[in-house]
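Chemist: Position in the sequence shown counted from 1, then plus 9, gives you our numbering.
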Amino acid sequence: PLDVVSALLTAWPDAVNVEDDIFDQTPLQLACSIRAPLEIVTALFNTWLSYKDNRTNSAILSFQEEEYAFYRDIEMFFSCLYALCNNNTDTQSPREIMDYFIHIQLWNGTSLVLDRNP
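1) The alpha helix (DSSP H) with PHE86 in it runs from where to where?
2) Could you give the first and the last residue of the continuous alpha helix (DSSP H) run that contains TYR109?
3) What's the C-alpha gap between GLU74 and SER67?
4) If we count Cβ pairs, one from each stretch, closer than 8 Å, do we get three or more for the stretch 85-92 versus the stretch 19-27?
5) Quick one: what does DSSP say ASP124 is sitting in, helix, strand or coil?
6) What separation, rounded to the nearest whole angstrom, lies between the Cα atoms of THR51 and GLN114?
7) Suppose the cutoff is 6 Å on Cβ atoms and the five residues either side in sequence are ignored; what does the same chain contact list for CYS94 look like?
8) To which residues of the same chain is ASN55 closer than 8 Å at the C-beta, ignoring the five residues directly before and after it?
9) Between which two residues does the alpha helix (DSSP H) harbouring PRO36 extend?
10) Alpha carbon to alpha carbon, how far is PHE86 from SER42?
11) What three-state label does DSSP hand LEU53 in the structure shown?
This is the structure in C-alpha coordinates:
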(Lines of atoms letter the chains of each structure in order from A and count residues from 1; the text may use other names and numbers.)
(Lines give C-alpha, C1' and ligand atoms only; values in the text may rest on other atoms or scores of the structure.)
Protein backbone atom coordinates (compact mmCIF):
# COMPACT_ATOMS: atom_id res chain seq x y z
CA PRO A 1 0.00 0.00 0.00
CA LEU A 2 0.85 3.67 0.02
CA ASP A 3 2.66 3.49 3.38
CA VAL A 4 5.09 0.91 2.01
CA VAL A 5 5.71 2.82 -1.23
CA SER A 6 6.21 6.07 0.70
CA ALA A 7 8.65 4.41 3.11
CA LEU A 8 10.64 2.90 0.25
CA LEU A 9 10.77 6.22 -1.63
CA THR A 10 11.94 7.97 1.53
CA ALA A 11 14.67 5.38 2.12
CA TRP A 12 15.75 5.12 -1.53
CA PRO A 13 14.29 7.82 -3.81
CA ASP A 14 16.61 6.83 -6.67
CA ALA A 15 14.69 3.55 -6.92
CA VAL A 16 12.02 5.41 -8.89
CA ASN A 17 14.42 5.51 -11.87
CA VAL A 18 15.68 1.91 -11.62
CA GLU A 19 14.33 -0.67 -14.07
CA ASP A 20 13.67 -4.14 -12.74
CA ASP A 21 15.51 -7.16 -14.16
CA ILE A 22 12.42 -9.03 -15.32
CA PHE A 23 10.20 -6.51 -17.12
CA ASP A 24 12.71 -3.67 -17.68
CA GLN A 25 10.26 -1.24 -16.10
CA THR A 26 10.64 1.44 -13.47
CA PRO A 27 8.32 1.31 -10.46
CA LEU A 28 6.23 4.07 -12.03
CA GLN A 29 5.85 2.18 -15.31
CA LEU A 30 4.97 -0.98 -13.42
CA ALA A 31 2.40 0.88 -11.29
CA CYS A 32 0.77 2.20 -14.46
CA SER A 33 0.76 -1.22 -16.11
CA ILE A 34 -0.93 -2.92 -13.15
CA ARG A 35 -3.41 -0.06 -12.71
CA ALA A 36 -2.21 0.85 -9.22
CA PRO A 37 -4.34 3.31 -7.23
CA LEU A 38 -3.93 7.04 -7.94
CA GLU A 39 -2.24 7.58 -4.57
CA ILE A 40 0.53 5.12 -5.45
CA VAL A 41 1.05 6.59 -8.93
CA THR A 42 1.05 10.10 -7.47
CA ALA A 43 3.68 9.19 -4.85
CA LEU A 44 5.90 7.57 -7.48
CA PHE A 45 5.40 10.36 -10.01
CA ASN A 46 6.06 13.04 -7.40
CA THR A 47 9.44 11.47 -6.66
CA TRP A 48 10.10 10.82 -10.36
CA LEU A 49 9.50 14.50 -11.16
CA SER A 50 12.02 15.53 -8.51
CA TYR A 51 14.75 14.50 -10.98
CA LYS A 52 15.56 17.18 -13.55
CA ASP A 53 15.99 14.66 -16.40
CA ASN A 54 12.43 13.47 -15.83
CA ARG A 55 10.90 16.94 -16.13
CA THR A 56 11.43 17.15 -19.89
CA ASN A 57 8.63 16.79 -22.41
CA SER A 58 10.23 13.70 -23.92
CA ALA A 59 10.48 11.96 -20.54
CA ILE A 60 6.89 12.75 -19.60
CA LEU A 61 5.48 12.02 -23.04
CA SER A 62 7.25 8.64 -23.09
CA PHE A 63 4.32 7.37 -21.03
CA GLN A 64 2.08 8.09 -24.02
CA GLU A 65 3.98 5.53 -26.06
CA GLU A 66 3.02 2.70 -23.73
CA GLU A 67 -0.23 0.78 -24.06
CA TYR A 68 -1.52 1.43 -20.55
CA ALA A 69 -5.20 0.82 -19.84
CA PHE A 70 -5.65 3.84 -17.58
CA TYR A 71 -8.72 4.07 -15.42
CA ARG A 72 -10.48 7.41 -15.00
CA ASP A 73 -8.34 8.95 -12.22
CA ILE A 74 -5.05 8.02 -13.87
CA GLU A 75 -6.37 9.08 -17.26
CA MET A 76 -7.11 12.54 -15.84
CA PHE A 77 -3.67 12.61 -14.22
CA PHE A 78 -1.85 11.92 -17.49
CA SER A 79 -4.21 14.10 -19.51
CA CYS A 80 -3.07 17.06 -17.39
CA LEU A 81 0.59 16.16 -17.84
CA TYR A 82 0.25 15.72 -21.59
CA ALA A 83 -1.68 18.99 -21.96
CA LEU A 84 1.09 20.75 -20.05
CA CYS A 85 3.80 19.24 -22.25
CA ASN A 86 1.94 20.01 -25.46
CA ASN A 87 0.98 23.54 -24.39
CA ASN A 88 -2.59 22.50 -25.06
CA THR A 89 -4.55 25.13 -23.14
CA ASP A 90 -7.67 24.41 -25.20
CA THR A 91 -8.56 21.48 -22.98
CA GLN A 92 -7.08 22.53 -19.64
CA SER A 93 -5.53 25.80 -18.56
CA PRO A 94 -2.31 25.83 -16.54
CA ARG A 95 -4.40 27.03 -13.58
CA GLU A 96 -6.78 24.06 -13.90
CA ILE A 97 -3.85 21.67 -14.16
CA MET A 98 -2.19 23.22 -11.12
CA ASP A 99 -5.46 23.06 -9.14
CA TYR A 100 -5.78 19.37 -9.99
CA PHE A 101 -2.17 18.67 -9.00
CA ILE A 102 -2.72 20.48 -5.70
CA HIS A 103 -5.88 18.45 -5.13
CA ILE A 104 -4.03 15.14 -5.58
CA GLN A 105 -0.94 16.51 -3.78
CA LEU A 106 1.41 16.16 -6.74
CA TRP A 107 3.70 18.91 -5.46
CA ASN A 108 6.44 18.45 -8.05
CA GLY A 109 3.75 18.57 -10.72
CA THR A 110 2.57 21.88 -9.29
CA SER A 111 6.10 23.27 -9.45
CA LEU A 112 6.38 21.95 -13.04
CA VAL A 113 3.29 24.02 -13.99
CA LEU A 114 4.82 27.09 -12.35
CA ASP A 115 8.19 26.54 -14.05
CA ARG A 116 6.53 26.35 -17.46
CA ASN A 117 4.01 29.12 -16.87
CA PRO A 118 5.63 31.80 -14.68
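All residues carry an ideal CB built from backbone N, CA and C; glycine is no exception.
Modeler: If we stick to the structure as given:
1) Going by DSSP, PHE86 is part of the alpha helix (DSSP H) stretching over 81-94.
2) 103-112
3) 11 Å
4) no
5) helix
6) 8 Å
7) ASN66, ILE69 and LEU70
8) Cβ neighbours of ASN55 beyond the five flanking positions: GLN114, LEU115, TRP116, ASN117 and GLY118.
9) 36-42
10) 15 Å
11) In this structure, LEU53 counts as helix in the three-state DSSP scheme.
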